[in-house]
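Student: Numbering (the UniProt record's numbering), first residue to last: 1 to 413.
Yeah, the Cβ is synthetic: ideal placement off N, Cα and C, and Gly gets one too.
Please read through the structure below; I'll follow up with questions.
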């Protein structure tokens, strides 16, 4: 563990002009590269600030129920502060996430059990729960997988190999009036499993969150909220101060992705602080994780029945109340793209800038790549712009294999 440092935990990230995206948009596009933060996302700004303030108030142990960017930022902050962290996750959490958190020195519990105690498949490390993928293979496909499945944490190729070993067809379904679903059976099985987890998602995550809240009652323990706290918004405002220091004059617009609303709240706070509150904010979401857009349309907070988007980092079923308040303090345009547009933006950004980011960030990039900027201007909702700042919020929740898997799932070559 490291000792308690005196400075903040985030770094001043680059603001880079993208020539490729500027040509695409017909306007100068500047990338605020918070994917280059030491914890991999903008979350370290707000959560780092929150954790430092809690440590000054006597916190001896941090606990968080997020396995995404918030959990990674909490684990990183705890290591920098020299205090322990416990990250409580659903039993369905992937080995990749657990390994990353453990690499930051955090203890990982799966809904109350330590990771080592939780029964998991010996070869692929999937948790052995009532939603076991093997059960779905037997029940839905009508054929049994090998006793020792050859897989690597659910990668597409491994599911295909397991299917091929049993002579499974490479199309699925069919029958009277039902054309077969195209593509490897492996994807159909995996989709059925993931669909089952989505149906159980609230229950599964709630178990972990309740456990985190229970642990936070211990003396000296503090629960780290992923996005809904004034200290987190205060920390996220540092991003706008960096823009002011670099640019001097305000940009034409700021584009960001919205999950729970912590980044939006921080950017609004920062714009007000530096006197740029007239700068429009384009708040991007993916369909199926659009709780902010639903709230804006309804004029009140809305809870989505489920998160169905592949952009899991945007997966807040209800945004923070503060996010809706922000629409009354600054000009915020709420826009929604579909998963295919977000994932396509991730691939194009990788090709253009040689940076791999997650689909949640792809939602913001899709503002440029999908032509939405031009459409908003044609509709008169945005005027001529000298420049646009796109916040590249993070790249923890992706790797090259996962990108290819997402593209295959969405029918992209």
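Distance, Cα to Cα, residue 189 vs residue 413?
Tutor: For residue 189, the pLDDT reaches just 43, beneath the cut-off of 50, and the residue's location in the model is therefore unreliable, although a value from the coordinates is still provided. For residue 189 and residue 413, the distance between alpha carbons rounds to 21 Å.
Student: If we count the other Cβ atoms within 10 Å of its Cβ and call it buried at 16 or more, is residue 19 buried or exposed?
Tutor: exposed
Student: Which residues in the same chain as residue 216 place their Cβ atom closer than 8 Å to its Cβ, once the five residues preceding and following it in sequence are excluded?
Tutor: 63, 222 and 223
Student: What number of angstroms, rounded off, separates the C-alpha of residue 265 from the C-alpha of residue 306?
Tutor: About 23 Å.
Student: So if DSSP puts residue 12 in a beta bridge, which residue, or which two residues, is it bridged to?
Tutor: Answer is none; residue 12 lacks a bridge partner.
Student: To which residues of the same chain is residue 302 closer than 8 Å at the C-beta, ignoring the five residues directly before and after it?
Tutor: 291, 294, 295 and 318
Student: Pull the bridge partners of residue 422 from the DSSP assignment, please.
Tutor: Because the chain spans 1 through 413 in this model, residue 422 falls outside it and cannot be assessed.
Student: I'd like to know if the segment 262-279 and the segment 229-241 are in contact, where contact means that at least 3 CB-CB pairs between them fall below 8 Å.
Tutor: yes
Student: If you draw a straight line from the C-alpha of residue 391 to the C-alpha of residue 21, how long is it?
Tutor: If you draw a straight line from the Cα of residue 391 to the Cα of residue 21, it is about 13 Å long.
Student: Based on Cα-Cα distance, which residue from 277, 312 and 34 lies nearest to residue 289?
Tutor: 312
Student: Give me the residue from 340, 261, 71 and 407 with the minimum Cα distance to residue 212.
Tutor: Looking at the Cα atoms, 71 is the closest of the given residues.
Student: Could you please give me the residues that DSSP links to residue 223 through a beta bridge?
Tutor: For residue 223, which the question treats as bridged, DSSP gives the partners 63.
Student: Here's the rule: buried if 16 or more other CB atoms are within 10 angstroms of the residue's CB, otherwise exposed. What is residue 23?
Tutor: exposed
Student: Assuming residue 254 contacts residue 232 under a Cβ cut-off of 8 Å, what Cβ separation, rounded to an integer in Å, is found between them?
Tutor: About 18 Å; that fails the 8 Å criterion.
Student: Check whether the Cβ atoms of residue 336 and residue 346 sit closer than 7 Å, and answer yes or no.
Tutor: no
Student: Look up residue 18 in the DSSP assignment and give the residues it is bridged to.
Tutor: In the DSSP assignment, no residue is bridged to residue 18.
Student: Give the single residue among 209, 350 and 241 whose Cα lies nearest to the Cα of residue 15.
Tutor: 241
Student: Nearest to residue 257 by CA position, among 297, 331, 225 and 366, is which residue?
Tutor: Comparing Cα-Cα distances from residue 257 to each of 297, 331, 225 and 366, the minimum goes to 366.
Student: Take residue 331 and list the residues in its own chain whose beta-carbon comes closer than 6 Å to its own, dropping the five residues that flank it on each side.
Tutor: 280
Student: Would you kindly report the start and end of the unbroken alpha helix (DSSP H) that includes residue 307?
Tutor: Careful: residue 307 lies outside any alpha helix (DSSP H) and carries neither H nor E.
Student: With the cut-off set at 7 Å, would you say residue 252 and residue 386 are in Cβ contact?
Tutor: In contact: residue 252 and residue 386 (Cβ atoms closer than 7 Å).
Student: Among 53, 89, 74 and 323, which has the Cα closest to the Cα of residue 105?
Tutor: Of 53, 89, 74 and 323, the residue nearest in Cα terms is 74.
Student: DSSP three-state label for residue 106, please.
Tutor: coil
Student: For residue 78, which residues of its own chain have a beta-carbon under 6 Å away from its beta-carbon, when the five flanking residues on both sides are left out?
Tutor: 62 and 85
Student: Using CA coordinates, which residue listed in 322, 328 and 90 is at the minimum distance from residue 262?
Tutor: If you compare the alpha carbons of 322, 328 and 90 with that of residue 262, the shortest gap goes to 322.
Student: Once you ignore the five residues that flank residue 360 on each side, which residues in its own chain have a CB closer than 6 Å to its CB?
Tutor: 257, 311, 313 and 314
Student: Using 10 angstroms around the beta-carbon of residue 283, count the other beta-carbons present and answer buried if the total reaches 16, otherwise exposed.
Tutor: Looking at its Cβ environment, which holds 16 or more other Cβ atoms inside 10 Å, residue 283 is buried.
Student: In angstroms, rounded to a whole number, what distance separates the CA positions of residue 46 and residue 55?
Tutor: 14 Å
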